[in-house]
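In my numbering, the protein residues as written are 107 to 380.
Backbone N, C-alpha and C fix where the C-beta goes; we use that ideal spot for every residue, glycine too.
What follows is a set of notes on a single structure, which appears directly below.
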């Protein structure tokens, strides 16, 4: 079974014609004989728009390709509550859900993920309260409502993931795990002292997730959030993928191509599961 993975398409920030883009993406995925298309978050700054997009893409593809997604922080900003994000609210939405890949011994596990400030470890003088204040003042996630501190939300992610991995292990499954936030310190960019980006690292993810995934010898991990272009990289027995598309605006250009569809195509990774 051929799986294609992407993240961080940011349809609204990139000012894309959604209807036309869906038609092109569906045609391309069909042409590539993709059986399962996974989206690791950040489609729109509104969950309902993200969900509508995924439903329409699935409708356009019909039965030839299964489309699944998880929510990134941008998807969480509007149109959804914490409780809804934790619920199985649509068949396309895979947070804390799994899909056994037909005709294979593979299981795909999805989890939105979160963060616990541990990647800002070069700022030992900063407290949890400092990071929370900065987040509400400067970071888009400040408008995301949740009933617990960030560290506890990350604990929840780890507990959910542990149960899913134990279940997969019991069923003797190979695992492809996909999440939005960064699971390993190797991908974090540290800036010179005084640079605000060092504060932003607090909201990138958690090294605890990568350790957990590697403890279970997870075969493949897909993440997004950081708009970077690393090659697939193996740590222990786990191979990590980041296939973020990123921004192309008048202020920021993270693309290697001039149009979205070429960039999206170039950023797709394909995994053959058998």
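Environment of residue i [buried if 16+ CB atoms lie within 10 Å]
i: residue 381; result: A query on residue 381 cannot be resolved here, the shown segment of the chain reaching from 107 to 380 and no further.
i: residue 365; result: exposed
i: residue 349; result: buried
i: residue 241; result: buried
i: residue 380; result: exposed
i: residue 110; result: buried
i: residue 168; result: exposed
i: residue 289; result: buried
i: residue 226; result: buried
i: residue 201; result: buried
i: residue 219; result: buried
i: residue 376; result: exposed
i: residue 145; result: buried
i: residue 171; result: buried
i: residue 217; result: buried
i: residue 358; result: exposed
i: residue 182; result: buried
i: residue 295; result: exposed
Assumed close pair residue i, residue j - CB separation to whole angstroms, cut-off 8 Å
i: residue 204; j: residue 270; result: 6 Å
i: residue 331; j: residue 286; result: 5 Å
i: residue 333; j: residue 353; result: 7 Å
i: residue 115; j: residue 351; result: 5 Å
i: residue 143; j: residue 371; result: Their Cβ separation, rounded to whole angstroms, is 13 Å, which puts residue 143 and residue 371 out of contact at 8 Å.
i: residue 223; j: residue 256; result: 7 Å
6 Å CB neighbourhood of residue i in its chain, flanking five on each side removed
i: residue 343; result: 323
i: residue 213; result: 204, 206, 274, 279 and 281
i: residue 141; result: 107 and 108
i: residue 387; result: Any question about residue 387 goes unanswered here, given that the chain covers just 107 to 380.
i: residue 315; result: 289
i: residue 210; result: 107, 379 and 380
i: residue 291; result: 313
Other residues of its chain near residue i: CB distance less than 8 Å, five sequence neighbours each side excluded
i: residue 345; result: 325, 326, 327, 338 and 339
i: residue 317; result: none
i: residue 236; result: none
i: residue 198; result: 157, 160, 161, 164, 173, 174 and 175
i: residue 113; result: 145, 146, 147, 148, 178, 286, 328, 329, 330, 331, 348, 349, 350 and 351
i: residue 267; result: 215, 217, 283, 315, 318 and 319
i: residue 117; result: 124, 127, 149, 150, 155 and 159
i: residue 373; result: 112, 335, 349, 350 and 351
i: residue 297; result: 303 and 304
Beta-carbon contacts of residue i that lie in its chain and below 7 Å, excluding the five residues immediately before and after
i: residue 163; result: 128, 131, 132 and 173
i: residue 309; result: 221, 241, 245 and 247
i: residue 119; result: 353 and 355
i: residue 122; result: 366
i: residue 311; result: 219, 221, 225, 287, 288, 289 and 331
i: residue 196; result: 157
i: residue 259; result: 220 and 252
Is the number of C-beta pairs between the region 237-252 and the region 156-175 that are closer than 8 Å three or more?
no
Counting only runs of 4+ residues fully inside the region 138-205, write out the alpha helix (DSSP H) ranges in chain order.
153-167 and 188-191
Along the chain, which unbroken stretches of the beta strand (DSSP E) at least 3 residues long are found entirely within the region 296-375?
326-329, 339-341 and 344-348
Give a yes or no on contact between the region 292-304 and the region 271-279, applying the rule of three or more CB pairs nearer than 8 Å.
Contact fails between the region 292-304 and the region 271-279, because fewer than three Cβ pairs, one in each stretch, are under 8 Å apart.
Are the region 190-210 and the region 228-242 touching, with three or more C-beta to C-beta distances below 8 Å?
no
Inter-stretch contact (C-beta, 8 Å, three-pair minimum) for the region 258-266 and the region 137-156
no
Minimum length 4: unbroken alpha helix (DSSP H) runs contained in the region 254-298
As far as the region 254-298 is concerned, its whole alpha helix (DSSP H) runs of at least 4 residues are 256-276.
Entirely enclosed alpha helix (DSSP H) segments - the region 226-256, minimum 4 residues
For the region 226-256, whole alpha helix (DSSP H) runs of length 4 or above, ordered along the chain, are 234-244.
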